[in-house]
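This report refers to the structure that appears directly beneath it.
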Amino acid sequence: MEFNHQSIEAKWRKHWVENNTYKVSNDNQDKPKFYVLDMFPYPSGAGLHVGHPLGYIASDIYARFKRLEGFNVLHPMGFDAFGLPAEEYALQTGIHPSKSTSDNIVQYRAQLANLGFSFDWSREVVTCEPKYYKWTQWIFTLLYANYFDQNTNKAESISSLVETFAQSGNSTVKAATTFEDTFTAAEWNAKSEIEKQDILSHYRLAFRQVGYVNWCEALGTVLANDQVIDGVSERGGHPVEQKAMTQWYLRITAYADRLLYGLDNLEWSDALKAMQTNWIGRSEGASLRFDVEGSDQQVEVFTTRPDTIYGATYIVLAPEHDLVDQLTSPEQKTEVEEYVKSVKMRSEIERMAEKQVSGVFIGAYATNPFTNKKMPIWIGEYVLAGYGTGAIMAVPSDDERDNIFATKFGLEIVDVVDKSKYPNASLADKVGFMINSEDLNGLEVKDAITEVCKQVEERKIGKAKINYKMRDANFGRQRYWGEPIPVSYDKDGLVTTLPLENLPLELPDTSDFKPSGDGKSPLARIDSFVNVDGGLTRETDTMPAVAGSSWYFLRYMDPNNDEAFASESALNYWQDVDLYVGGAEHAVSHLLYSRFWNKFLFDKGYLPKEEPFKKLINQGMIQGVIESIYLLREKKDGDYHFMCAAMVEKLGIEDAVPLPVHVSFVSDYGTKKSHLNIAGFKSFIKWRPEYENAIFECSKGVFHKGRWSKKGDSEDSLMLTKSEIGKMSKRYYNVINPDDVIAEHGADVFRMYEMFLGPIEQSKPWDINSISGVSKFLKKYWAMFFKEETFALSDDEPTKEELKIFHGTIKKVRHDIERFSFNTCVSAFMEGVNNLRKINCDKRAILEPFTVLLAPFAPFVTEELWQLMGKQGSVHMSQYPKFEEKYLVEDSISYPISINGKKRALHDFPAGTAKDVLEKEALELEVVKKWTEGKEIKKIIVVPNKMINIVVAG
RNA sequence: GCCCUGGUGGUGGAAUUGGUAGACACGCAGGACUUAAAAUCCUGUGGCCUUUGGGCCGUGCGGGUUCAAGUCCCGCCCGGGGCACCA
230 MEFNHQSIEA KWRKHWVENN TYKVSNDNQD KPKFYVLDMF PYPSGAGLHV
280 GHPLGYIASD IYARFKRLEG FNVLHPMGFD AFGLPAEEYA LQTGIHPSKS
330 TSDNIVQYRA QLANLGFSFD WSREVVTCEP KYYKWTQWIF TLLYANYFDQ
380 NTNKAESISS LVETFAQSGN STVKAATTFE DTFTAAEWNA KSEIEKQDIL
430 SHYRLAFRQV GYVNWCEALG TVLANDQVID GVSERGGHPV EQKAMTQWYL
480 RITAYADRLL YGLDNLEWSD ALKAMQTNWI GRSEGASLRF DVEGSDQQVE
530 VFTTRPDTIY GATYIVLAPE HDLVDQLTSP EQKTEVEEYV KSVKMRSEIE
580 RMAEKQVSGV FIGAYATNPF TNKKMPIWIG EYVLAGYGTG AIMAVPSDDE
630 RDNIFATKFG LEIVDVVDKS KYPNASLADK VGFMINSEDL NGLEVKDAIT
680 EVCKQVEERK IGKAKINYKM RDANFGRQRY WGEPIPVSYD KDGLVTTLPL
730 ENLPLELPDT SDFKPSGDGK SPLARIDSFV NVDGGLTRET DTMPAVAGSS
780 WYFLRYMDPN NDEAFASESA LNYWQDVDLY VGGAEHAVSH LLYSRFWNKF
830 LFDKGYLPKE EPFKKLINQG MIQGVIESIY LLREKKDGDY HFMCAAMVEK
880 LGIEDAVPLP VHVSFVSDYG TKKSHLNIAG FKSFIKWRPE YENAIFECSK
930 GVFHKGRWSK KGDSEDSLML TKSEIGKMSK RYYNVINPDD VIAEHGADVF
980 RMYEMFLGPI EQSKPWDINS ISGVSKFLKK YWAMFFKEET FALSDDEPTK
1030 EELKIFHGTI KKVRHDIERF SFNTCVSAFM EGVNNLRKIN CDKRAILEPF
1080 TVLLAPFAPF VTEELWQLMG KQGSVHMSQY PKFEEKYLVE DSISYPISIN
1130 GKKRALHDFP AGTAKDVLEK EALELEVVKK WTEGKEIKKI IVVPNKMINI
1180 VVAG
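Start counting at 1 in the first sequence, then tack on 229, and there's your number in the working numbering.
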């Protein structure tokens, strides 16, 4: 008897909702907690495709497993609902982002429900709802009211900083700041409020500053660095330029060290940790100041190789460096100006593509404080304005780029490191002995670095310094669909943040989403929003998409709290996320911001844990197969001419363009035999009517104007398509909707199949062809409960053999779930069921707990069987079976016997046979004698329960 | 260039600490049932040789350690991802 997956699924979906089966309580605090989180989706109009659920299925299996093990499991879902796509859609269609977003959320919820996830929907978080973003705004104001104290190594309040300034100035303050001057208490107290606030903004964790930003004219907004790919916007591929604007920033660099060292204690993949480490980009070195001849200016450089100071023969500034104008000599002025102009005109892509060294001498000299030699000052575009101090001391002997530059322009090269003792070392290894460096001579590089740093500090010409690649995070977007920044300005530009009782600052309604083009958001046009009582004006920038996702995992703990972002008791109970599953595309944006916000809230005493995500799994992507047919460039008798992929290849035709076709027309999709048949041609023509009269030619025949004329006597009518692996995207017409697969095969089969495809972290192309294996498995399992159409189980005691198979399966599945190897769990189920069926197992004592074992993977079918077995309550709230070793004990062990490491025989010995008996008996076996005859036996290795190896001479 | 990954049959992939390579599936071939097909079930399936006992080769390539290497070490090659004039 077969089961009807559609009616079973509909029944239990409804039942689970009506009975709040998956609702989690914060009052169960006597139970141990476990928090399993998915990265919440952005609800795009395209809906979910088969790639999205991969991670959700894995986390759901794990959550269900932990629940059955007796944990109180928090497994929530929500939506990251603010962001550019909804606004772009609104610009094109006039549909309000709140409307399209909520429509999309409805679709997403339905698709997720089809998959049978055990989310507690009563905890749903939607980032664009005022009751949620009230707290996003509040955290922002909290960041504004704090600075990072490097003495305590944590965030401290600005008011305490103001007190310190008033009492003792800033000389004792060690903080993450861009303010470099010192002042006394008297000087501070004499400053005006505007001056004071200006200084404080250099300390605040949320602050405004003028900076170069990635301005995208086409989108009318500023983009974060990670939203710019190869000089164009990540969304839409529009050009991006550098523009000076006053912007809100978050001082994430204050937490650079804690973000870096915090990685050590996280169970994240090495790949992901490496990505964050690279992004933070910590490098130790020194900053050094060089006097400039005939000027009171100094050039400050950052170097990781202060030891090579005796080899520093010239200076290079970035073309945008502040001192360029001041230091350029009159003779060099024209050349320098032309160079700077040419650099600015070229886009970043052009600059990178060239890879050529270029630069100009500016006609000024600095002095090397160690050699006292003159160092010509150059500008060159290989020196970046945004890194370090925007200036370098060039050491052509020990830096490859400096070397190329010096060689090209004939600058002096002095060898200062003898690397002859390290013939295989690269420059990056920083090894060797100092030469030509006076008192440093003979020192190892490492020691020389320490020595130079010491001397430099003594002579007050620099200091040891740590530099980071990571920049402070731009936090303003000139767009409508985001959280308003809860700030207003008075007529002097002084900032007021909205207090908690006035939050949320709601996003006003409008129907005009066009960017203003002058760099302001559409909010700037809404007078009632901009003008506040008391002559204040509001900030009109909104927060970036990453704001809402930086703390949503905390809100799930207590989602409807209106007094706090979450109650203290909820935070103390749920603590942190035990398992986080999501895509690697968020490796540096979302995952870094979340860690930053979490650390900040921890510093302020709101959270019990410093790191938000203990264990992280990155699921791989499910790729699509792009199916194309070849369109020849030349028409045939005025009609479009398509040709079979095999013919194009065979004939070596180059004048053919692959045209992606909708994969639903393609038969044997994704295989080598993928093709269009007559029905396929007809669907294609209906889909693209401009090809109504096109000729479709392949080796078997020709399809033209609705008729198939065969060549020769072939009965086949198929046109092979070209298959390549790529993204699943609307653009390639290859999106597979999970709803369709579920309708055909069922949600349980879909879930197990996605898990069966391979390791969760690996990317793989979608291939529906082997889904039949999983489908057959579930049918077989179901059939074990029936005899001739009626449900029937035996209440007899299980046999030793049955228990052995069952406990073997428990052992394997438990072990593999714990290491997130879900594909091998599915294999283990198949093996277990195959073996139990072989011995016609129909015992309740086996099949009942086996159903619980399977429940996390196939929640619908197991729930139905649970009910058929007459059990009360849900199978998902029962208990996971325990594995007992005693059932696995073997009577005899099959030993492989090797001669010189090569397996030659297999022989059964009773379990527990002593080593010396094994040796003796093995040697007496006929098969063994054949190999040992007349040879000296040098050694016998016996590994109990594993193998026997006999080593013979010759 | 740097960092991180991965490379195993026709295909997806298995293989705790080094200990029977290819589990589990798909596909393919043959068979049963059927008027036929679908579905289902059974058997075989890494390659080569073979006197049908078995033998030789085999986890990207070349070396090495070991009684024993897909697994460890050294040197390469190729695919995927990230960063990239980062001083």
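Every residue gets a Cβ at the ideal spot worked out from N, C-alpha and C, and that includes glycine. Nothing here was measured: the structure is a model prediction, and the numbers come from that model.
Beta carbon of residue i, beta carbon of residue j: below 7 Å?
i: Arg487; j: Lys828; result: yes
i: Lys260; j: Asn301; result: yes
i: Gly691; j: Leu517; result: yes
i: Gly987; j: Tyr697; result: no
i: Leu372; j: Ala473; result: no
i: Val886; j: Asn963; result: no
i: Arg784; j: Ser717; result: no
i: Arg862; j: Asp884; result: yes
i: Val354; j: Tyr781; result: yes
i: Tyr285; j: Asp256; result: no
i: Val685; j: Asn665; result: no
i: Thr365; j: Glu712; result: yes
i: Lys641; j: Thr542; result: In the sequence as displayed, the identity of residue 641 is Glu instead of Lys. Cβ atoms of Glu641 and Thr542: closer than 7 Å.
i: Arg437; j: Trp497; result: no
i: Tyr1010; j: Val978; result: no
i: Met699; j: Ala1012; result: no
Over what stretch of residues does the beta strand (DSSP E) that includes residue i continue unbroken?
i: Asn375; result: Asn375 to Asp378
i: Met474; result: Glu470 to Leu479
i: Arg518; result: Arg511 to Asp520
i: Leu283; result: Counting along the chain, Leu283 falls outside any beta strand (DSSP E), though it belongs to the alpha helix (DSSP H) covering Pro282 to Leu297.
i: Leu266; result: Lys262 to Asp267
i: Ser952; result: Lys951 to Gly955
i: Arg437; result: Ala435 to Cys445
Which whole-angstrom value is the C-beta distance of residue i and residue j, which I expect to be below 8 Å?
i: Gly661; j: Val674; result: 5 Å
i: Asn847; j: Leu448; result: Not quite, the Cβ-Cβ distance comes to about 29 Å (not below 8 Å), so this is no contact.
i: Asn1178; j: Ile1166; result: Not really, about 11 Å apart at Cβ, beyond 8 Å.
i: Glu856; j: Ser952; result: 6 Å
i: Leu947; j: Asn906; result: 5 Å
i: Phe199; j: Val1003; result: This structure gives no information on residue 199, because the portion of the chain shown stretches from 230 to 1183.
i: Ala287; j: Ile989; result: 5 Å
i: Ile591; j: Ile606; result: 5 Å
The alpha helix (DSSP H) with residue i in it runs from where to where?
i: Met1059; result: Phe1051 to Lys1067
i: Thr532; result: Here Thr532 belongs to no alpha helix (DSSP H); instead the beta strand (DSSP E) covers Gln527 to Thr532.
i: Trp417; result: Ala414 to Ala419
i: Pro314; result: Leu313 to Thr322
i: Cys682; result: Val674 to Glu687
i: Gln235; result: His234 to Glu247
Regarding residue i and the ligand SAM, is the C-beta to nearest heavy atom distance less than 6 Å?
i: Gln707; result: Ligands in the displayed structure: none, and consequently the ligand SAM is not present.
Is the region 335–349 touching the region 248–260, taking contact as three or more C-beta pairs under 8 Å? The region 335–349 is in contact with the region 248–260.
Under 8 Å: do the region 1033–1041 and the region 1104–1116 share three or more Cβ pairs, one atom per stretch? Judged by Cβ distances under 8 Å, the region 1033–1041 makes contact with the region 1104–1116, as three or more pairs qualify.
Contact the region 1019–1030 vs the region 1081–1088: 3+ CB pairs below 8 Å: Result no; under three Cβ-Cβ pairs closer than 8 Å.
Touch check for the region 804–814 and the region 752–766: three-plus C-beta pairs under 8 Å? Flag = no, the region 804–814 and the region 752–766 do not touch.
Inspect the CB distances between the region 831–842 and the region 880–890 and report whether three or more fall short of 8 Å. In short, these stretches do not touch, since the Cβ pair count stays below three.
Within the region 963–987, ranges of the alpha helix (DSSP H) (whole runs, at least 4 residues): Counting only runs of 4 or more, we get 967–974 and 976–985.
The region 1061–1081 contacting the region 1043–1053, beta-carbon criterion three pairs below 8 Å: Note that the region 1061–1081 does not touch the region 1043–1053; fewer than 3 beta-carbon pairs, one per stretch, sit closer than 8 Å.
Meets three-Cβ-pair contact criterion under 8 Å: the region 612–630 and the region 541–555: With the cut-off at 8 Å, the region 612–630 and the region 541–555 touch.
Okay, do the region 256–275 and the region 999–1019 touch, 3+ Cβ pairs below 8 Å being the bar? When C-beta atoms of the region 256–275 are compared with those of the region 999–1019, fewer than three pairs fall below 8 Å, so the two segments do not count as touching.
Assess contact between the region 514–532 and the region 406–426, defined as three or more Cβ pairs (one per stretch) separated by less than 8 Å. Is contact present? Because the criterion of three Cβ pairs below 8 Å is not met, the region 514–532 and the region 406–426 do not touch.
In chain order, what are the residue ranges of uninterrupted alpha helix (DSSP H) at least 4 long that sit wholly in the region 577–638? 577–583 and 629–638, all fully within the region 577–638.
Taking contact to mean at least 3 C-beta pairs separated by less than 8 Å, is the region 1007–1016 in contact with the region 309–316? No: the two stretches stay apart, fewer than three of their Cβ pairs being nearer than 8 Å.
Taking contact to mean at least 3 C-beta pairs separated by less than 8 Å, is the region 725–742 in contact with the region 784–797? Flag = no, the region 725–742 and the region 784–797 do not touch.
Suppose only complete runs of 4+ residues qualify. What are the alpha helix (DSSP H) ranges in the region 318–405, listed by chain order? Fully enclosed alpha helix (DSSP H) runs of no fewer than 4 residues occupy 326–343, 359–373 and 387–397 of the region 318–405, in order along the chain.
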